[in-house]
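Before any comments, here is the structure.
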Amino acid sequence: MKQNVLLSIRGTQRYADQEPETIELVTDGTMEFTGGGWDISYEESAVTGMEGVTTTFRVEPEKVTLTRRGNLNSQMVFQEGVSHDSLYQMEFGALMLTIQASRVVYDLVSDGGSIDLVYHINIENTEAGEIDYHLDIRARE
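Numbering (my numbering), first residue to last: 426 to 566.
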């Protein structure tokens with residue numbers, strides 16, 4: 426059964442020779458257990474610069490997949506110690522990303538939970554930095 430949730434999202438990007446940049450967002454979304462895993466979805470907004478995009482986190486045993494559909498299309502797979510390539514398609518072109526997660530931790534139950542991801546990202550075979558992503562998910566009444 427799909428249920429309404431409140432998502433608190435914090436992402437910190439660390440790039441070489443730059444101060445870390447943190448973006449925080451609180452938004453409404455949905456959470457559903459289906460096919461042996463959890464789907465957590467929300468609509469991006471102007472705050473994230475991705476208006477017109479639906480973001481879904483698919484949480485399965487030992488793996489989290491982040492899918493974005495709409496004005497931007499991508500699918501990133503996070504598994505500790507495993508590299509995954511991803512095509513990041515934007516309105517003006519596409520980039521090849523390589524994602525290597527060093528931390529994939531989640532604790533989800535029917536009324537919410539959390540997801541923590543830490544990963545290194547390469548863009549077109551060039552080291553781009555490290556991203557630390559944290560989601561808190563809480564059921565809405």
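Just so it is clear, CB atoms sit at the ideal spot from N, CA and C, and this is done for glycine as well.
Check: If we ignore side chains and look at the alpha-carbon of each, how far apart do residue 434 and residue 564 end up?
Finding: The residue you call residue 434 lines up with position 9 of the sequence shown. The residue you call residue 564 lines up with position 139 of the sequence shown. Cα-Cα distance, rounded: 15 Å.
Just reading off the beta strand (DSSP E) that residue 473 is part of, what are its end residues? For the purposes of this step, residue 473 is identified with residue 48 of the sequence shown, where counting begins at 1. No beta strand (DSSP E) contains residue 473, which DSSP labels as neither H nor E.
Return yes when the Cβ of residue 454 is within less than 7 Å of the Cβ of residue 430, no when it is not. Along the sequence shown, one-based indexing puts residue 430 at 5. Along the sequence shown, one-based indexing puts residue 454 at 29. Yes. Within cutoff.
Identified DSSP bridge partners for residue 511:
Mapped onto the sequence shown, residue 511 falls at position 86. In DSSP, residue 511 forms a bridge with 522.
ask   = Taking one C-beta from the segment 513–522 and one from the segment 468–484 each time, how about it: are there three or more such pairs within less than 8 Å?
value = no
Exposed or buried, residue 540, counting other C-beta atoms within 10 Å across all chains shown (16 or more means buried)? Here residue 540 refers to the residue found at position 115 of the sequence shown. Per the 10 Å Cβ criterion, buried.
- Query: residue 503 lies in the beta strand (DSSP E); which residues open and close that run?
  - Reply: In the sequence shown, the residue the question calls residue 503 occupies position 78. Segment 499–503, the beta strand (DSSP E) holding residue 503.
Checklist entry - Name the DSSP beta bridge partners of residue 456, please? => result Locating residue 456 in the sequence shown gives position 31, where the first residue counts as 1. Paired residues: 428, 465.
Hey, residue 543 and residue 557: beta-carbon distance below 7 Å or not? Here residue 543 corresponds to residue number 118 of the sequence shown, with the count starting at 1. Here residue 557 corresponds to residue number 132 of the sequence shown, with the count starting at 1. The answer is yes: Cβ separation under 7 Å.
Exercise for review: Could you pull the start and end residues of the beta strand (DSSP E) that residue 547 belongs to?
Suggested key: In the sequence shown, counting from the first residue as 1, residue 547 sits at position 122. Element bounds for residue 547: 537–548.
Worksheet item: Can you name, in chain order, every residue of its own chain whose Cβ lies under 6 Å from the Cβ of residue 492, other than the five neighbours on each side?
Response: Residue numbering aside, residue 492 sits at position 67 when the sequence shown is read from its first letter. Excluding sequence neighbours, residue 492 sits near 481, 500.
Note to self: Residues in the same chain with beta-carbon distance under 8 Å from residue 473, minus the five sequence neighbours each way, listed in chain order, please.
What the structure shows: Here residue 473 corresponds to residue number 48 of the sequence shown, with the count starting at 1. The answer, listed in chain order, is 448, 450.
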